[in-house]
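Counting in full-length UniProt numbering, the first sequence runs from 1 upward without gaps. We treat Cβ as the ideally placed atom computed from N, Cα and C, and that holds for glycine.
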Amino acid sequence: MTDSPALPHPEPDPPPEAVVVDGSARGFSTRLLAWFDHSGRHDLPWQHPRTPYRVWLSEIMLQQTQVRTAAPYFERFVAALPDLPALAEAELEQVLALWSGLGYYARARNLHAAARHCMALHDGELPRDIDALVALPGIGRSTAAAILAQAWGDRHAILDGNVKRVLARYHGVAGWPGAPAVERSLWAFAETHLPDTRLADYTQAQMDLGATLCTRTAPACVLCPLQAECIARIEGRTAELPTSKPGKPLPQRHACVLWLEDADGRVLLQQRPPTGIWSSLWTLPQADDEVAARAWFKHHCDGDFARGIGKPPISHVFSHFKLELLPRYWRDVALHPQVRDNGDLRWVARAQLGALGIPAPIRRLLEAGA
DNA sequence: AAGTCGGGGGG
DNA sequence: CCCCCAGACTT
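Set out below in structure tokens:
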């Protein structure tokens, strides 16, 4: 499959060395285009006919919107407003009505305003210029590049969600793609892979790969034309790449831990219940706050709570909260006779710590010593 | 750098 | 319930 023969600016034949599949940067586009020819999507509504106006409209509708969702809206929209002048002459009210249900209605307002800009400034046509396109409302760098590549075959890199996912995996780029530093890196990779010909097909191919094979969950690597060099597949990291968006800060919880040593230098450990955090592991006795810690101490131990020495807090992150542990240390402690070393409470010699299941942050605390 | 816009899909 | 999707724009 090649670019439409109806395009006004046919591209020249590529230099022979440009199509050699050698595993270098050039191999990326060569393999991708070969895959696109037999497995790409060639019957999307905006591809027939592929006019600048229809490409533009489709790119706007497809911002943060999946093909299946946008397609019926596209058909209805172009049936009502088949070209740029028709859009410009329409009332905003009608444009919004055609958009109704798609969401992100600023896209419709921008689309309408951009059409009127084009009537006033660009002789009623979409400008074939990256900067002029970006200057129009609703068109950013990637959308402008997609329009130029798809409508005219011009050589521009795109970087939408699909391409970000493909490139993050292919090059093993860690970090959330929304972060500016990561995004800069991905743009650079996108530029290096640009072929010299078939830019419309190449642009579509990237999006098809991301949408149909290199999906967010369960990518079909065995079918992928890029599997041989894909870092994420080779290293088994497709589930971790691209790095997901950092969530909101986890709720912070606090707890007091009581670090008790007896006269022999043994430490008092307590086995946690079989459910919940650190289930069945051995940890230091723990209380929700200092009042509870004081009560626990009074109930279990001889001696003076106030003589305990505060230690630097330990921070630990769980999947759903952060826990800050405030350790307090006593030496030469004895238990009350009625709360013996038995059941879930046990004096443990330092040399025996390795034989017990102890949470990592607690183990680090104990092994660092008082 | 973070928030906003939005309906739909998937885990 | 959350995150994500052919992003761009504002604060």
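With 16 other Cβ atoms within 10 Å as the buried cut-off, status of residue i
i, result
"Tyr53", "buried"
"Gln206", "buried"
"Val317", "exposed"
"Arg253", "exposed"
"Pro8", "At Pro8, the pLDDT of 41 sits below 50, so the modelled position is not reliable and the matter cannot be decided from this model."
"His300", "buried"
"Gly310", "exposed"
"Gly354", "exposed"
"Lys245", "exposed"
"Val333", "buried"
"Glu59", "buried"
"Lys164", "buried"
"Tyr105", "exposed"
"Ala115", "buried"
"Thr2", "Residue confidence is low: Thr2 scores 39 on pLDDT, short of 50, so the model does not pin down where it sits. Its coordinate-derived value is still stated next. By the neighbour-count rule (16 or more Cβ atoms within 10 Å), Thr2 is not buried but exposed."
"Val95", "buried"
"Ala351", "exposed"
"Ile362", "buried"
"Leu62", "buried"
"Gly23", "With a pLDDT of 45 at Gly23, under the threshold of 50, the modelled position of that residue is not reliable, and no figure is offered here."
"Arg184", "exposed"
"Val21", "Any reading at Val21 must be qualified, since the residue scores a pLDDT of 42, below 50, and its modelled position is unreliable; the value itself is stated next. Per the 10 Å Cβ criterion, exposed."
"Arg31", "buried"
"Val55", "buried"
"Ile234", "exposed"
"Leu112", "According to the sequence as given, residue 112 is His; it is not Leu. Buried, since its Cβ has 16 or more Cβ neighbours within 10 Å."
"Arg216", "exposed"
"Asp160", "buried"
Closer than 7 Å: residue i CB and nearest the ligand ATP heavy atom
i, result
"His299", "Although the ligand ATP was asked about, the structure shown includes no ligands whatsoever."
Identity of the residues DSSP links to residue i by a beta bridge
i, result
"Glu327", "Sequence inspection shows Pro at residue 327; the Glu mentioned does not correspond to that position. According to DSSP, which records beta bridges pairwise, Pro327 is partnered with Val257."
"Ser315", "Glu324"
"Cys301", "Leu335"
"Gln252", "Lys322"
Coarse secondary structure for residue i, derived from DSSP in three states
i, result
"Val21", "Because the pLDDT of Val21 is 42, which lies under 50, any placement of that residue in the model is unreliable, and the number read from its coordinates should be weighed accordingly. Val21: coil per DSSP, three-state reduction."
"Cys221", "helix"
"Ser185", "helix"
"Ala90", "coil"
"Leu226", "coil"
"Thr283", "strand"
"Val339", "coil"
"Arg363", "helix"
"Gln204", "helix"
"Trp46", "helix"
"Gly354", "helix"
"Gln270", "strand"
"Leu136", "coil"
"Ile130", "helix"
"Leu121", "helix"
"Trp176", "coil"
"Arg346", "strand"
"Gly310", "strand"
"Pro242", "coil"
"Tyr104", "coil"
"Gly276", "coil"
"Leu209", "helix"
"Gln66", "coil"
"Glu11", "Per-residue confidence for Glu11 stands at a pLDDT of 40, beneath the threshold of 50, marking its modelled position as unreliable; the derived number appears in the next sentence. Three-state DSSP puts Glu11 in coil, outside helix and strand."
Residue of the options minimising C-alpha distance to residue i
i, options, result
"Gly40", "Gly369, Pro242, Ala200, Ala174", "Ala200"
"Arg76", "Leu92, Leu98, Ala86, Ile60", "Leu98"
"Ala151", "Gly140, Asn110, His48", "His48"
"Phe321", "Leu366, Gly357, Ala255, Arg109", "Ala255"
"Ser29", "Asp264, Ile147, Val166", "Val166"
"Leu258", "Ala370, Asp123, Val67, Pro82", "Ala370"
"residue 417", "Glu261, Ser315, Pro285, Pro274", "Outside the displayed span of the chain (1 to 370) sits residue 417, for which this structure offers no information."
"Leu33", "Tyr329, Asp208, Gly276, Asp344", "Asp208"
"Cys214", "Thr192, Asn162, Thr203", "Asn162"
"Arg364", "Ile314, Leu345, Glu324", "Ile314"
"Leu268", "Ala190, Ile277, Thr283", "Thr283"
"Leu87", "Arg109, Leu223, Cys224", "Arg109"
"Leu323", "Arg346, Asp289, Leu356", "Asp289"
"Gly178", "Thr197, Asp37, Thr243, Pro285", "Thr243"
"Asp264", "Gly236, Leu241, Arg331", "Arg331"
"Ser279", "Ile358, Gly27, Ala181", "Ile358"
"Ala79", "Leu102, Gln64, Arg107, Trp46", "Trp46"
Integer Cβ distance of residue i from residue j, believed to fall under 8 Å
i, j, result
"Arg169", "Thr238", "6 Å"
"Ile139", "Ala149", "Not quite, the Cβ-Cβ distance comes to about 14 Å (not below 8 Å), so this is no contact."
"Gly172", "Ala90", "At roughly 47 Å, the Cβ-Cβ gap does not stay under 8 Å, so Gly172 and Ala90 are not in contact."
"Arg266", "Val348", "6 Å"
"Leu194", "Arg155", "6 Å"
"Ala120", "Leu133", "Actually they are not in contact, since the Cβ atoms of Ala120 and Leu133 sit about 15 Å apart, beyond 8 Å."
"Leu84", "Cys118", "6 Å"
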